[in-house]
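Participant: I have a structure here, written as structure tokens, and I will follow up with some questions on it.
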Amino acid sequence: MRRIVIVSNRVAPVNETASKGATGGLAVAILDTLRESNGLWFGWSGNVREAPVASPAIAEPTRDNPFETVTVDLTPAEHSGYYNGYANRILWPVLHYRTDLMEYHSEDFRTYQRVNANFVSQLVPLLREDDLIWLHDYHLMMAPRDLRQAGVKNRIGFFLHTPFPSAEVFATLPNHRELISSLCHCDLIGFQTPGDLRAFEDYITHEAGGQVHTNEEFEAFGRQFRAQVFPISIDPEAFAGAARESSRSNIANRLRESLDGRALMVGVDRLDYSKGLPERFLSFEHLLDRYPENRRRVTFLQIAPYSRTEVPEYKLIRSRLEGLSGRINGRFSEVDWTPLRYINRGLARKTLAGVLRHSRVALVTPLRDGMNLVAKEYVAAQDPEDPGVLVLSRFAGAAHELKEALIVNPLDYENTGEALQRALSMSLDERKERWSALMETIRQQDITAWRKSFIAALKAH
């Protein structure tokens with residue numbers, strides 16, 4: 000098998016990934032791909048140093064992990080301009096339709112270009128003639144051009160994990176043409192949903208003056224390439240097994256005891272303005288206000304670990320959520336019941352699987368999301384004899400596949416609150432019917448199918 004070279008912003012510590020019991024998501028797909036091909040994983044180490052090591056750090060293959068990991072450090076200026084600046088204060092908001100939050104500085108783009116070029120310069124000497132190169136996500140959109148300029152002729156694939164916005168929205172980026180012209184140096188570009196691909200086609204046609212052919216072949220900026228849809232997924236059987244095992248743990252028992260027979264509603268998200276958390280809190284408040292019979296009978300647990308704490312917009316969303324949770328609990332709490340439990344730290348993956356299994360309702364209601372694997376994990380975690388109900392935003396990529404969920408517009412928090420009431424009152428027969436259809440979809444398009452279909456398309460001429 001040809002060696003697969005994975006390039007991502009961050010290389011996760013392999014031992015740490017394994018110790019956390021990861022049972023789904025990108026890390027598992029990457030590790031399986033690397034093991035099968037004795038591959039190479041290249042990216043940022045996570046270290047920020049004033050004087051980073053001149054050469055990359057190389058971890059040699061082992062019996063358990065027959066592949067190399069190669070990491071580079073960032074300087075504080077690079078971390079500020081490339082990661083916090085251009086990637087997360089410019090690209091991230093635009094990709095999630097929040098142009099109002101874009102704070103553009105040309106120096107950040109120059110730093111972004113330099114870091115992409117530095118990654119490439121340190122990667123190129125490690126490449127073999129027949130390697131397949133698989134680039135991941137918005138942090139590395141200039142890397143395809145840099146690879147070609149360095150003389151690399153290998154097949155290059157790029158997968159965007161976020162949404163791709165409409166052409167008009169993407170064009171608000173001052174450097175939008177440079178980014179897309181770089182991506183056109185790939186042989187294959189992958190998107191999460193048909194909507195993302197349509198938006199990209201619109202950009203190629205109307206902004207780049209290119210052509211889109213019926214066989215998924217594109218022509219723009221003097222390059223020919225393909226673009227296709229590859230919805231990312233999970234390993235449903237592994238996650239289901241973890242959920243069954245974790246449901247008997249001490250933590251699961253403590254959770255059940257604390258609920259005292261009440262139904263559990265759960266949300267699991269990184270603390271981010273794209274996740275629709277304020278609107279979600281308002282929908283829960285509407286449920287309690289409009290249907291008072293749910294008071295003392297329902298508890299909502301929101302798990303939202305802090306992220307990107309140096310970016311001001313994340314401090315604002317944190318402050319707003321603290322205010323909303325205080326207001327809701329102040330309105331409805333009783334001496335023996337707190338309606339909203341708001342936790343700002345993550346749970347181990349296995350523990351989370353058990354929490355999801357015990358939840359009667361999951362709220363996955365982002366304002367925009369590339370896919371949202373929590374939606375799929377929730378379905379996989381359920382007890383087939385007594386499954387819960389998934390309430391899912393129409394703006395999550397998962398909504399294109401999980402059509403048997405209760406699909407909502409999260410901006411209409413009153414309607415979402417009505418969907419919560421429907422979920423809580425849904426009959427067992429309907430819950431089982433919906434769950435069976437959802438689980439079948441996830442089994443057919445699991446994480447193995449995702450990675451194998453992308454690699455097969457990348458190999459194809």
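For the sequence shown, numbering that gives the first Met the number 0 assigns the number 0 to the initial residue and increments by one for each residue that follows. Positions of the beta carbon are idealized from the N, C-alpha and C atoms, including for glycine.
Spatial neighbours of Gly20 within its chain, please: CB distance less than 6 Å, with the 5 preceding and 5 following residues excluded, ordered by chain position.
Facilitator: Position 21 of the sequence shown, counted from the first residue, corresponds to residue 20. Residue placement at Gly20 cannot be trusted, given a pLDDT of 39 that sits under 50; what the coordinates show is reported in the next sentence. Cβ neighbours of Gly20 beyond the five flanking positions: Arg348, Lys349.
Participant: For His399 and Leu126, I'd like the C-alpha separation in whole angstroms.
Facilitator: Start at 1 with the first residue of the sequence shown, and residue 399 comes out as number 400. Start at 1 with the first residue of the sequence shown, and residue 126 comes out as number 127. The alpha-carbon atoms of His399 and Leu126 are separated by roughly 37 Å.
Participant: In three-state terms, what does DSSP make of Ser424?
Facilitator: Here residue 424 is taken as the residue at index 425 of the sequence shown, counted from 1. Helix.
Participant: Near Gly42, which residues of its chain fall below 7 Å by C-beta distance, leaving aside the five closest residues on each side in sequence?
Facilitator: If you number the sequence shown from 1, residue 42 lands on position 43. Within the same chain, Gly42 has close Cβ partners Val6, Ser7, Asn8, Arg9, Val10, Thr70.
Participant: Check whether the Cβ atoms of Val446 and Ile188 lie closer than 9 Å to each other.
Facilitator: On the sequence shown, position 447 is the one that residue 446 refers to. On the sequence shown, position 189 is the one that residue 188 refers to. Rather than Val, the amino acid found at residue 446 in this sequence is Ile. In this structure, Ile188 does not lie closer than 9 Å to Ile446 by Cβ.
Participant: Measuring CB to CB, does Ala361 end up less than 9 Å from Gly266?
Facilitator: In the sequence shown, the residue the question calls residue 361 occupies position 362. In the sequence shown, the residue the question calls residue 266 occupies position 267. Closer than 9 Å, so yes.
Participant: So the candidates are Ala116, Val390, His285; which of them puts its Cα closest to the Cα of Tyr412?
Facilitator: Taking the first residue of the sequence shown as 1, we reach residue 412 at position 413. If we check each option's Cα against that of Tyr412, His285 comes out closest.
Participant: Per DSSP, Arg295 forms a beta bridge with which residues?
Facilitator: Residue mapping note: residue 295 aligns to position 296 of the sequence shown, counting from 1. DSSP lists no partner for Arg295.
Participant: Is it the case that the Cβ atoms of Val378 and Met425 are separated by a distance below 9 Å?
Facilitator: Here residue 378 refers to the residue found at position 379 of the sequence shown. Here residue 425 refers to the residue found at position 426 of the sequence shown. Not in contact: Val378 and Met425 (Cβ atoms no closer than 9 Å).
Participant: Compare the C-beta of Asn117 against all C-beta atoms of chain C and say whether one is closer than 9 Å.
Facilitator: Structure shown: chain C not included; a single protein chain is present.
Participant: Using 9 Å as the threshold, is the C-beta distance between Val228 and Val168 below it?
Facilitator: Along the sequence shown, read from residue 1 onward, the residue named residue 228 stands at position 229. Along the sequence shown, read from residue 1 onward, the residue named residue 168 stands at position 169. Not closer than 9 Å, so no.
Participant: Taking the runs of the beta strand (DSSP E) that are 3 residues or longer, which of them lie wholly in the region 395-457?
Facilitator: Correct list: 405-407.
Participant: Excluding sequence positions up to five away, which residues of its chain have a Cβ less than 7 Å from the Cβ of His212?
Facilitator: On the sequence shown, residue 212 is found 213 positions in, with the first residue counted as 1. Cβ within range, chain order: n/a, list empty.
Participant: In or out: Arg393 buried (at least 16 other Cβ within 10 Å) or exposed?
Facilitator: The residue you call residue 393 lines up with position 394 of the sequence shown. So Arg393 ends up on the exposed side.
Participant: For Leu366 versus Ile302, is the C-beta distance shorter than 9 Å?
Facilitator: Numbered from 1 along the sequence shown, position 367 holds the residue referred to as residue 366. Numbered from 1 along the sequence shown, position 303 holds the residue referred to as residue 302. Not closer than 9 Å, so no.
Participant: Go through its chain and collect everything with a Cβ distance to Pro51's Cβ below 8 Å, but skip five positions before and after it.
Facilitator: In the sequence shown, residue 51 corresponds to position 52, counting from 1. If we look at Pro51 and ignore the five residues flanking it on each side, its Cβ neighbours are Val71, Asp72, Leu73, Thr74.
Participant: Would you check if the distance between the CB atom of Tyr202 and the CB atom of Ala166 is smaller than 9 Å?
Facilitator: Here residue 202 refers to the residue found at position 203 of the sequence shown. Here residue 166 refers to the residue found at position 167 of the sequence shown. Yes, the Cβ-Cβ distance between Tyr202 and Ala166 is below 9 Å.
Participant: How should Gly23 be labelled, buried or exposed, when 16 other C-beta atoms within 10 angstroms of its C-beta is the threshold for buried?
Facilitator: If you number the sequence shown from 1, residue 23 lands on position 24. Annotation note: pLDDT 43 at Gly23 (below 50); position unreliable, coordinate value reported separately. Counting Cβ neighbours within 10 Å, Gly23 comes out buried, since at least 16 surround it.
Participant: Does the separation of the CB atoms of Met141 and Phe157 fall below 9 Å?
Facilitator: Here the question's residue 141 lines up with position 142 in the sequence shown. Here the question's residue 157 lines up with position 158 in the sequence shown. No, the Cβ-Cβ distance between Met141 and Phe157 is not below 9 Å.
Participant: Mind checking which residues open and close the alpha helix (DSSP H) that includes His285?
Facilitator: Within the sequence shown, the letter at position 286 stands for residue 285. Counting along the chain, the alpha helix (DSSP H) containing His285 begins and ends at 276-289.
Participant: Which residue comes first and which comes last in the alpha helix (DSSP H) that contains Tyr377?
Facilitator: Walking along the sequence shown from the start, residue 377 turns up at place 378. 372-380 is the span of the alpha helix (DSSP H), which, as asked, contains Tyr377.
Participant: Between the C-alpha atoms of Leu45 and Leu131, what's the straight-line distance to the nearest angstrom?
Facilitator: Start at 1 with the first residue of the sequence shown, and residue 45 comes out as number 46. Start at 1 with the first residue of the sequence shown, and residue 131 comes out as number 132. Here residue 45 turns out to be Gly, not Leu, going by the sequence shown. Each residue's alpha carbon lies about 25 Å from the other.
Participant: From the DSSP secondary-structure annotation, give me the bridge partner or partners of Gln223.
Facilitator: Start at 1 with the first residue of the sequence shown, and residue 223 comes out as number 224. In DSSP, Gln223 forms a bridge with Glu218.
Participant: Have a look at Asp268 and His205 and give me their C-alpha separation to the nearest angstrom.
Facilitator: The count along the sequence shown starts at 1 and reaches residue 268 at position 269. The count along the sequence shown starts at 1 and reaches residue 205 at position 206. Distance between the alpha carbons of Asp268 and His205: 35 Å.
Participant: Check this for me: beta carbons of Ala242 and Leu315, under 9 Å apart or not?
Facilitator: Against the sequence shown, residue 242 aligns to sequence position 243. Against the sequence shown, residue 315 aligns to sequence position 316. No, these two residues do not count as a Cβ contact at 9 Å.
Participant: Spatial neighbours of Arg2 within its chain, please: C-beta separation below 8 Å, excluding the five flanking residues on both sides.
Facilitator: Here residue 2 corresponds to residue number 3 of the sequence shown, with the count starting at 1. Excluding sequence neighbours, Arg2 sits near Ser36, Asn37, Gly38, Leu39, Arg127, Asp129, Asp130, Leu131.
Participant: Have a look at Gln443 and Phe199 and give me their C-alpha separation to the nearest angstrom.
Facilitator: Against the sequence shown, residue 443 aligns to sequence position 444. Against the sequence shown, residue 199 aligns to sequence position 200. About 26 Å.
Participant: Answer yes or no: do Tyr305 and Arg317 have a C-beta to C-beta separation smaller than 9 Å?
Facilitator: Numbered from 1 along the sequence shown, position 306 holds the residue referred to as residue 305. Numbered from 1 along the sequence shown, position 318 holds the residue referred to as residue 317. Yes, the pair counts as a contact, with Cβ atoms nearer than the cut-off.
Participant: Please state the DSSP three-state secondary structure of Arg253.
Facilitator: The residue given as residue 253 occupies position 254 in the sequence shown. In the structure shown, Arg253 sits in a helix (DSSP, three-state: H, G or I).
Participant: Going by DSSP, what residue range makes up the beta strand (DSSP E) through Tyr85?
Facilitator: Counting from 1 along the sequence shown, the entry for residue 85 is found at position 86. No beta strand (DSSP E) contains Tyr85, which DSSP labels as neither H nor E.
Participant: Counting only runs of 3+ residues fully inside the region 28-103, write out the beta strand (DSSP E) ranges in chain order.
Facilitator: Segments of the beta strand (DSSP E) lying fully in the region 28-103: 39-47, 56-58, 67-73.
Participant: To which residues of the same chain is Arg225 closer than 6 Å at the C-beta, ignoring the five residues directly before and after it?
Facilitator: Looking up residue 225 in the sequence shown gives position 226. Closer than 6 Å at Cβ, skipping near neighbours: Leu187, Glu215, Glu216.
Participant: Could you say which of Gly369, Ala86, Leu33, Asp368 lies nearest to Arg62 if we only look at CA atoms?
Facilitator: Residue numbering aside, residue 62 sits at position 63 when the sequence shown is read from its first letter. Here the closest residue by C-alpha is Leu33.
Participant: For Leu270, which residues from the same chain have a beta carbon less than 8 Å from its beta carbon, with the 5 sequence-adjacent residues on both sides left out?
Facilitator: Residue numbering aside, residue 270 sits at position 271 when the sequence shown is read from its first letter. Hits under 8 Å: Leu276, Ala303, Pro304, Tyr305, Ser306, Tyr313, Ile316, Arg317, Leu320, Asn343.
Participant: Put Arg340 into one of helix, strand or coil per three-state DSSP.
Facilitator: Locating residue 340 in the sequence shown gives position 341, counting from the first residue. DSSP places Arg340 in strand when its eight states are reduced to three.
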